[in-house]
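Undergrad: The numbering of the sequence shown is this note's numbering, which starts it at 1288 and goes up by one.
Backbone N, C-alpha and C define an ideal beta-carbon position, used for all residues, glycine too.
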Amino acid sequence: MSLPPMAAADRPEFSRLFAETAALYRSCFRSLLALGATSAVVAGGTALALVRLYATPVMTAVVSLNPAGLASGALLVAAAGWLASMLVTVQCGAMVAQVASQVADGGEPDLRAAWRQTTTVVPRLLLPCLVLSAGTWLAAAVGLTAVLNALGAARLSGLEDRTAALSAILTLFGGVALGALASVTITWWLRVKLFLFLPAASLEKLPGFAPVKRSWQVTRGIAGLVFTALVVVGLAEGAAAGLASQLASALVGPSLAAGDFGGLETLVSQVMPALTVATAASVAVTTLTWPFLTVMSTLAFRRLTGYRLTLLMSG
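1) Tell me the rounded alpha-carbon separation between residue 1398 and residue 1507.
2) If you compare alpha carbons, which of 1514, 1337, 1381 is closest to residue 1361?
3) At what residues does the alpha helix (DSSP H) containing residue 1315 begin and finish?
4) What would DSSP say about residue 1407, mapped onto helix, strand or coil?
5) By how many angstroms is the C-alpha of residue 1369 removed from the C-alpha of residue 1392?
6) Residue 1401: which of 1428, 1341, 1457, 1486 sits nearest, CA to CA?
7) Roughly how many whole angstroms lie between the Cα atoms of residue 1548 and residue 1344?
8) Between residue 1365 and the rest of its own chain, which residues show a CB-CB distance below 6 Å, the 5 nearest in sequence each way excluded?
9) Please work out which residues of its chain come closer than 8 Å, Cβ to Cβ, to residue 1300, disregarding the five sequence neighbours upstream and downstream, and give them in chain order.
10) Drop a sphere of 10 angstroms on the beta-carbon of residue 1410, count the other beta-carbons inside from all chains shown, and report buried for 16 or more, exposed for fewer.
11) According to DSSP, is residue 1496 part of a helix, a strand, or is it coil?
12) What do you get for residue 1544, buried or exposed, if any count of 16 or more other CB atoms within 10 angstroms of its CB means buried?
13) What three-state label does DSSP hand residue 1303 in the structure shown?
14) Applying the criterion that 16 or more other CB atoms from any shown protein chain within 10 Å of the CB defines a buried residue, is residue 1470 buried or exposed?
15) So residue 1382 and residue 1405 are supposed to be a Cβ contact under 8 Å. How far apart are they, rounded?
16) Please report the residue range of the alpha helix (DSSP H) in which residue 1506 lies.
17) In terms of residues, what are the limits of the alpha helix (DSSP H) holding residue 1482?
18) Report all residues from its chain with a CB closer than 7 Å to the CB of residue 1414; omit the five preceding and five following residues, and keep chain order.
19) Taking three-plus beta-carbon pairs below 8 Å as touching, is the segment 1299–1314 in contact with the segment 1328–1336?
20) Please confirm whether residue 1429 and residue 1375 have their CB atoms less than 9 Å apart.
21) For residue 1562, which of 1575, 1519, 1533 has the nearest alpha-carbon?
22) Mark residue 1501 as exposed unless 16 or more other C-beta atoms lie within 10 angstroms of its C-beta, in which case mark it buried.
23) How close, in whole Å, do the beta carbons of residue 1387 and residue 1582 come, if the pair is a contact with beta carbons under 8 Å?
24) Three or more C-beta pairs closer than 8 Å, one from the segment 1475–1486 and one from the segment 1563–1575: is that the case here?
25) Does the separation of the CB atoms of residue 1590 and residue 1304 fall below 9 Å?
26) Mark residue 1542 as exposed unless 16 or more other C-beta atoms lie within 10 angstroms of its C-beta, in which case mark it buried.
27) If you run the structure through DSSP and keep just helix, strand and coil, what is residue 1491?
28) Note down, one range per segment and in chain order, each alpha helix (DSSP H) of at least 4 residues found wholly within the segment 1373–1425.
29) Give a yes or no on whether the C-beta atoms belonging to residue 1488 and residue 1418 are separated by under 9 Å.
30) Pick helix, strand or coil for residue 1331, following the three-state DSSP scheme.
31) Apart from the five residues on each side of it in sequence, which residues of its chain come closer than 8 Å, Cβ to Cβ, to residue 1416?
32) What residues in its chain sit with their C-beta under 7 Å from that of residue 1384, if we drop five residues either side in the sequence?
33) Give a yes or no on whether the C-beta atoms belonging to residue 1466 and residue 1437 are separated by under 9 Å.
34) Could you give the distance in angstroms between the alpha-carbon of residue 1322 and the alpha-carbon of residue 1587?
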């Protein structure tokens, strides 16, 4: 399908877009809160369950330098769990976009109508979500395999030549740092380019990878605005979640002195209370901030694509 023209006047300023988002967010806060809580609780609960079930096997695999068991076990289950929580997030995000569009058109927020409008969104977006989950698993498996193999080689060489072992470890740390930097850069670049993915999938009902292409095209020229929005909201989210997590950990965190635990399983059991409270704090913050960003992306998408005008012309 051809893209509607984007005049320079249609490109929103950050301050105006932020103000419009805040006003709409307040007007339908309860509906957005319910959708945000659903997505955040599922994601946080899935992550917490994976830690509880697979933290010990993961640490065992790392200590024993067994990448094969790690990739085919815990990482694979983690990818499957992330896929499930991602599909819930997609469904809730599509409904947020519908609710935001209802209010932007002068109506009242209607979750039932939003559900009816988005019943096909998960089947339509299953393939790109599956590809993203599989790609994440593959990247993690390859990276951890390389790291653990390098550590194994360094340990063997250390038995004969400590200088060579130290050089290998320093090289490994440098590679890990560069890999982490590349990962962060790519992640943020994708977050900017896919900022309009959910409203494209929800409002225009595009299937498969079409919402990816649509978001990729429409975000041209507004990358700075999107990046600013993500950074501003991300800093506020990180500060609030970090403070809450620190307070929670101080209240319920265990005292793990050396030799205070009898094994990896005991260690996991000791840190779970603090991790649970910290996760709950993060879920509470995400419940508020994630719908805000989704509303912002919806308003930006409508403005950039002339969404209402396009519907009137096609009707």
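TA: This is what the structure holds:
1) Locating residue 1398 in the sequence shown gives position 111, where the first residue counts as 1. Locating residue 1507 in the sequence shown gives position 220, where the first residue counts as 1. Near 32 Å, if we compare the C-alpha coordinates of residue 1507 and residue 1398.
2) In the sequence shown, counting from the first residue as 1, residue 1361 sits at position 74. Closest option to residue 1361, Cα to Cα, is 1337.
3) Your numbering for residue 1315 matches position 28 in the sequence shown. Where residue 1315 is concerned, there is no enclosing alpha helix (DSSP H), given that its DSSP letter is neither H nor E.
4) As a first step, residue 1407 must be located in the sequence shown, where it is residue number 120. Correct three-state label for residue 1407: coil.
5) In the sequence shown, the residue the question calls residue 1392 occupies position 105. In the sequence shown, the residue the question calls residue 1369 occupies position 82. Answer to the nearest angstrom: the Cα atoms are 34 Å apart.
6) As a position in the sequence shown, residue 1401 is number 114, starting the count at 1. Cα-wise, what sits closest to residue 1401 is 1486.
7) For the purposes of this step, residue 1548 is taken as residue 261 along the sequence shown, with counting starting at 1. For the purposes of this step, residue 1344 is taken as residue 57 along the sequence shown, with counting starting at 1. Legend: pLDDT at residue 1548 = 44, less than 50; position of this residue unreliable, no value from coordinates given.
8) Here residue 1365 is taken as the residue at index 78 of the sequence shown, counted from 1. For residue 1365, where only same-chain residues beyond five positions count, the Cβ hits under 6 Å are 1337.
9) Translated into the one-based positions of the sequence shown, residue 1300 becomes position 13. So the list reads 1512, once near-sequence residues are dropped.
10) Residue 1410 sits at position 123 when you count from the first residue of the sequence shown. That one is exposed.
11) For the purposes of this step, residue 1496 is taken as residue 209 along the sequence shown, with counting starting at 1. Correct three-state label for residue 1496: coil.
12) Here the question's residue 1544 lines up with position 257 in the sequence shown. Summary for residue 1544: the model assigns pLDDT 44, below 50, so the residue's position carries little reliability, and this model does not support an answer.
13) Here residue 1303 refers to the residue found at position 16 of the sequence shown. It is helical.
14) If you number the sequence shown from 1, residue 1470 lands on position 183. Residue 1470 should be labelled exposed.
15) The residue given as residue 1382 occupies position 95 in the sequence shown. The residue given as residue 1405 occupies position 118 in the sequence shown. About 5 Å separates the two Cβ atoms, so the contact holds.
16) Taking the sequence shown and counting its residues from 1, the one referred to as residue 1506 is at position 219. No alpha helix (DSSP H) contains residue 1506, which DSSP labels as neither H nor E.
17) Along the sequence shown, one-based indexing puts residue 1482 at 195. Element bounds for residue 1482: n/a, residue is neither H nor E.
18) Locating residue 1414 in the sequence shown gives position 127, where the first residue counts as 1. Answer for residue 1414: 1495, listed in chain order.
19) no
20) Taking the first residue of the sequence shown as position 1, residue 1429 is located at position 142. Taking the first residue of the sequence shown as position 1, residue 1375 is located at position 88. No, these two residues do not count as a Cβ contact at 9 Å.
21) For the purposes of this step, residue 1562 is taken as the residue at position 275 of the sequence shown. For the residues 1575, 1519, 1533, the minimum Cα distance to residue 1562 belongs to 1533.
22) On the sequence shown, position 214 is the one that residue 1501 refers to. The residue is buried, with at least 16 neighbouring Cβ atoms inside 10 Å.
23) Numbered from its first residue, the sequence shown carries residue 1387 at position 100. Numbered from its first residue, the sequence shown carries residue 1582 at position 295. Yes, residue 1387 and residue 1582 are in contact; Cβ-Cβ is about 5 Å, under 8 Å.
24) no
25) For this step, residue 1590 is matched to residue 303 along the sequence shown. For this step, residue 1304 is matched to residue 17 along the sequence shown. Contact: yes.
26) Position 255 of the sequence shown, counting from 1, holds the residue named residue 1542. Unreliable placement is indicated for residue 1542, whose pLDDT of 47 sits below 50; the coordinate value is still reported in the next sentence. That one is exposed.
27) Within the sequence shown, numbered from 1, the residue matching residue 1491 stands at position 204. Three-state DSSP puts residue 1491 in coil, outside helix and strand.
28) 1398–1404
29) Position 201 of the sequence shown, counting from 1, holds the residue named residue 1488. Position 131 of the sequence shown, counting from 1, holds the residue named residue 1418. Contact: no.
30) Within the sequence shown, residue 1331 is the residue found at index 44, counting from 1. Looking at residue 1331 - three-state DSSP - the assignment turns out to be helix.
31) Looking up residue 1416 in the sequence shown gives position 129. Closer than 8 Å at the Cβ level, and outside the excluded window around residue 1416, lie 1370, 1373, 1374, 1377.
32) Your numbering for residue 1384 matches position 97 in the sequence shown. Same-chain partners within the cutoff: 1485, 1486, 1489, 1490, 1581, 1585.
33) If you number the sequence shown from 1, residue 1466 lands on position 179. If you number the sequence shown from 1, residue 1437 lands on position 150. For residue 1466 and residue 1437, no; Cβs fall outside 9 Å.
34) Within the sequence shown, numbered from 1, the residue matching residue 1322 stands at position 35. Within the sequence shown, numbered from 1, the residue matching residue 1587 stands at position 300. If I take the Cα positions, the gap works out to 20 Å.
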